[in-house]
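In my numbering, the protein residues as written are 53 to 518. Note that the Cβ used here is the ideal one computed from N, Cα and C, for glycine as well. First comes the structure, then the notes that go with it.
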Ligand code: SAM
């Protein structure tokens with residue numbers, strides 16, 4: 053096996069928490085352990101820089117068969133290493149085609165960060181914990197206000213508005229009292245990492261929701277139109293429920309379930325503060341919610357964000373990603389529940405679209421769960437090919453896994469996250485009629501905003517029912 057293939061396999065194993073670098077290198081059976089270990093460690097050291105260069109050069113979009121970890125190893129060798137000493141095979145020619153662009157992107161990064169050497173990029177990037185570099189994301193709650201009004205409010209408070217960002221690099225370089233609109237999500241404001249808005253009056257009044265960008269993707273990708281019926285299967289503490297309600301414009305119905313009474317109580321407060329009035333909150337085991345119940349006959353959209361190991365949460369990320377892996381038994385138990393919940397959700401008779409998400413990095417809770425559910429649905433559902441330009445895709449453990457999205461501080465400037473979007477397959481002409489109700493996402497174009505003014509603290513009306 054060539055050293056690059058072995059190194060890519062080790063990096064993939066580390067990312068999916070199968071073990072530490074050392075353990076995976078020794079377990080790889082690659083003969084020159086020292087060479088492999090050095091290459092993996094160096095590639096990992098430059099990981100954030102390489103991710104940024106690969107993303108801005110559009111390498112993975114142009115070369116669909118090149119897997120992200122292989123790309124990282126090869127680009128490291130091309131830009132920072134010693135050329136392709138370990139062969140490089142067919143990818144050597146492919147990389148040669150992109151060499152000029154990759155070098156130009158690396159040079160641009162250095163100019164942007166005001167440094168001249170590759171090592172200096174480390175000072176600003178991966179040497180400090182990437183998790184602490186995640187910007188502060190703030191979702192504008194369109195049930196109570198609009199992005200323009202929120203921007204005006206911050207400008208009056210002395211913040212400097214920079215417009216809509218055009219790339220991740222704009223977000224990475226945010227400093228001081230500058231803020232932006234996110235390039236992808238229409239109503240997401242982005243502030244520098246240290247910004248604390250917990251005491252801000254707009255947050256206190258429910259006009260702003262402090263929510264990581266990755267955690268805004270599930271509701272955005274589910275995209276239920278106003279008037280539709282939605283299940284939020286594991287809903288508390290409710291940030292995604294309030295986002296769904298905003299997309300529904302409080303028209304239609306959200307059936308939100310959770311088992312935990314304490315979390316449900318804080319969810320009721322959160323929903324009331326956010327002005328959510330279309331949600332029925334219930335203390336119930338989602339697995340015991342019957343798809344045959346007439347109340348759910350119109351449910352076409354389900355959000356399933358089940359309990360998970362939380363291994364992608366920035367606070368749990370350590371320097372060596374292999375070190376904090378959840379134990380095997382816990383992973384098995386979580387994955388078992390996640391699989392049951394997903395298969396159960398897919399049996400709701402009118403379901404058209406489902407988003408499955410976790411804040412875990414573990415393959416067992418993500419790609420494996422999705423693969424098992426696709427298998428047990430026997431072709432009724434397929435993965436929707438969402439956000440083609442999103443730089444971080446599912447691990448290639450089964451054909452189509454690239455339709456899944458992953459997120460991490462290094463690649464997307466967010467917490468670690470996983471998302472898969474299921475859509476019902478069209479099987480006949482009558483099915484193609486129902487498919488028309490599923491919205492076609494145009495995620496890069498911001499929907500038109502309707503202005504709605506309301507004073508901070510104005511009345512709310514969530515209806516918790518336990
Ligand atoms: N979607 C939530 C949000 O965005 O605020 C976060 C959900 S959290 C990751 C998972 C939730 O699933 C927990 O609140 C937990 O109590 C709930 N849960 C676990 N097992 C459940 C079950 N069988 N039925 C319903 N909820 C469950």
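{"query": "Ordered list of beta strand (DSSP E) runs contained in the stretch 288-318, each at least 3 residues", "result": "305-310"}
{"query": "Option nearest residue 209 by Cα separation, candidates 220, 197, 227 and 231", "result": "231"}
{"query": "Bounding residues of the beta strand (DSSP E) (the contiguous stretch that carries residue 106)", "result": "Premise fails: residue 106 lies in the alpha helix (DSSP H), 99-109, not in any beta strand (DSSP E)."}
{"query": "Alpha carbon of residue 206 to alpha carbon of residue 109, nearest angstrom", "result": "34 Å"}
{"query": "Start and end residues, alpha helix (DSSP H) containing residue 354", "result": "Premise fails: residue 354 lies in the beta strand (DSSP E), 351-356, not in any alpha helix (DSSP H)."}
{"query": "Length of the line joining the Cα atoms of residue 228 and residue 428", "result": "51 Å"}
{"query": "Where residue 63 sits in the DSSP three-state scheme", "result": "helix"}
{"query": "Those residues which DSSP pairs with residue 331 across a bridge", "result": "306"}
{"query": "DSSP-derived helix/strand/coil call for residue 190", "result": "strand"}
{"query": "Pairwise C-alpha distance: residue 384 and residue 287", "result": "22 Å"}
{"query": "Entirely enclosed alpha helix (DSSP H) segments - the stretch 405-446, minimum 4 residues", "result": "419-428"}
{"query": "Nearest-angstrom Cα separation, counted from residue 223 out to residue 493", "result": "For residue 493, the predicted structure reports a pLDDT of 38, less than 50, and the residue's modelled location is therefore unreliable. A value from the coordinates is still provided. Roughly 23 Å between the two C-alpha positions."}
{"query": "Option in 68, 415 and 233 with minimal Cα separation from residue 212", "result": "233"}
{"query": "Whether residue 270 touches residue 409 by CB criterion (8 Å)", "result": "yes"}
{"query": "Segment contact, 8 Å Cβ cut-off, at least three pairs: the stretch 457-468 with the stretch 387-406", "result": "no"}
{"query": "Residue interval of the beta strand (DSSP E) (run including residue 201)", "result": "First-last for residue 201: 199-208, but that is the alpha helix (DSSP H), not the beta strand (DSSP E)."}
{"query": "Cβ-based neighbour list, residue 119, same chain, cut-off 6 Å, excluding 5 preceding and 5 following", "result": "448"}
{"query": "Residue 290: CB within 7 Å of a non-hydrogen atom of the ligand SAM", "result": "yes"}
{"query": "Any non-hydrogen atom of the ligand SAM closer than 7 Å to residue 360 Cβ", "result": "yes"}
{"query": "Inter-residue Cα distance where the pair is residue 178 and residue 102", "result": "Reliability fails at residue 178, whose pLDDT of 44 lies under 50, so the model's placement of it is uncertain and no value is given."}
{"query": "Among 317, 77, 378 and 107, the one whose alpha carbon lies nearest that of residue 14", "result": "This structure does not reach residue 14, given that the chain is present from 53 up to 518, and the question cannot be answered."}
{"query": "Close-in-space but distant-in-sequence residues of the same chain around residue 250 (CB under 8 Å, 5 per side omitted)", "result": "262"}
{"query": "Residue 60 and residue 122 closer than 8 Å at C-beta", "result": "yes"}
{"query": "Any non-hydrogen atom of the ligand SAM within 7 Å of residue 385 CB", "result": "no"}
{"query": "Other residues of its chain near residue 452: CB distance less than 6 Å, five sequence neighbours each side excluded", "result": "435"}
{"query": "Residue 338 in three-state terms, based on DSSP", "result": "helix"}
{"query": "Residue range of the beta strand (DSSP E) that includes residue 348", "result": "Run containing residue 348: none; DSSP gives neither H nor E here."}
{"query": "Any non-hydrogen atom of the ligand SAM within 7 Å of residue 274 CB", "result": "no"}
{"query": "beta-carbon residue 267 near the ligand SAM non-hydrogen atom, thresh 7 Å", "result": "yes"}
{"query": "Separation of residue 188 from residue 242, as counted between CA atoms", "result": "6 Å"}
{"query": "Classification of residue 64 by the beta-carbon crowding that lies within 10 angstroms, buried from 16 upward", "result": "buried"}
{"query": "Given residue 56 as reference, the closest of 117, 91 and 66 once Cα atoms are compared", "result": "91"}
{"query": "Nearest candidate by alpha-carbon position, reference residue 426, set 150, 151 and 450", "result": "450"}
{"query": "Close beta carbons around residue 339, own chain, < 7 Å, minus the five adjacent residues each side", "result": "392, 393 and 396"}
{"query": "Beta-carbon spacing of residue 413, residue 359 below 8 Å", "result": "no"}
{"query": "Straight-line Cα distance separating residue 332 from residue 341", "result": "14 Å"}
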